[in-house]
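S.K.: So the number in the working numbering is just where the residue sits in the sequence shown, counting from 1, plus 173.
I have a structure I would like to understand better, so I am pasting it below and will then ask my questions one at a time.
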Amino acid sequence: MILVTLGTQDKDFSRLLDLIQHQIDIGNIKDRVVVQVGNTKYQSREMEMFDLISMEELENLTKEADLIITHGGVGSIISGLKNNKKIIACPRLKKYKEHTNNHQLQIINKFEKEGYILSLMEDDKLEDVLKKAKTFKPKRFRSNTKNMIKIIKDYIDNN
């Protein structure tokens, strides 16, 4: 199963769904595709779509997924990584009015550079990235939360 998450942004992200729908139409995606569309309005007979669900339900879908295709939101990426999933991330871009700025480019570039995810940038073809995903071995995610808490605690204790 492929899980597609578009986050909770109040702007449309049909551009990514159009790319996925095209791959379904030409037969490159045969898997079940489940999409959390958020505020994006989109029609598809092949993709199962829902607006928003509980965190628990989304977590269950994440665990079930073989591949996650998502926007460049840190929460969506981290959730997939914590569940050891292959992730393809596509940034929402300001020029298409999908976001107010292009910060998702930096987020995706950093995660990809570190070996955690694959990116789907504007000039990339989804077909090519899907082929890469078949053999991609993502770097194992290790949370740095404990270290961050220690740094903050030490700072507070010393000031």
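For glycine and all other residues, C-beta sits at the position ideal for the given N, C-alpha and C.
1) Mapping DSSP to helix, strand and coil, what is Thr308?
2) For Lys298, does the three-state DSSP call read helix, strand or coil?
3) For Glu285, which three-state DSSP category applies?
4) Using only the alpha-carbon positions, how far apart do Pro311 and Glu237 sit?
5) Buried or exposed: where does Gly180 fall if 16 or more other Cβ atoms within 10 Å of its Cβ makes it buried?
6) For Arg188 and Ile322, I'd like the C-alpha separation in whole angstroms.
7) Does the distance from the CB of Glu221 to the CB of Val210 come in under 7 Å?
8) Tell me the rounded alpha-carbon separation between Thr308 and Tyr328.
9) Please state whether the Cβ-Cβ distance between Ile325 and Leu291 is less than 7 Å.
10) Only counting the same chain, and skipping five residues up and downstream in sequence, which positions put a Cβ closer than 8 Å to that of Lys255?
11) Taking the CB atoms as reference points, tell me whether Gly253 and Ile241 lie closer together than 7 Å.
12) From Lys337 to Val302, what does the alpha carbon distance come to, in whole angstroms?
13) Looking only at its own chain, which residues have a Cβ that is under 6 Å from the Cβ of Gly339, when we skip the five neighbours before and after it?
M.R.: Concretely, from the data shown:
1) helix
2) coil
3) helix
4) 17 Å
5) buried
6) 38 Å
7) no
8) 43 Å
9) no
10) Phe314, Ser316
11) yes
12) Lying before the first or after the last residue shown, residue 337 is absent from the chain, which here runs from 174 to 332.
13) Any question about residue 339 goes unanswered here, given that the chain covers just 174 to 332.
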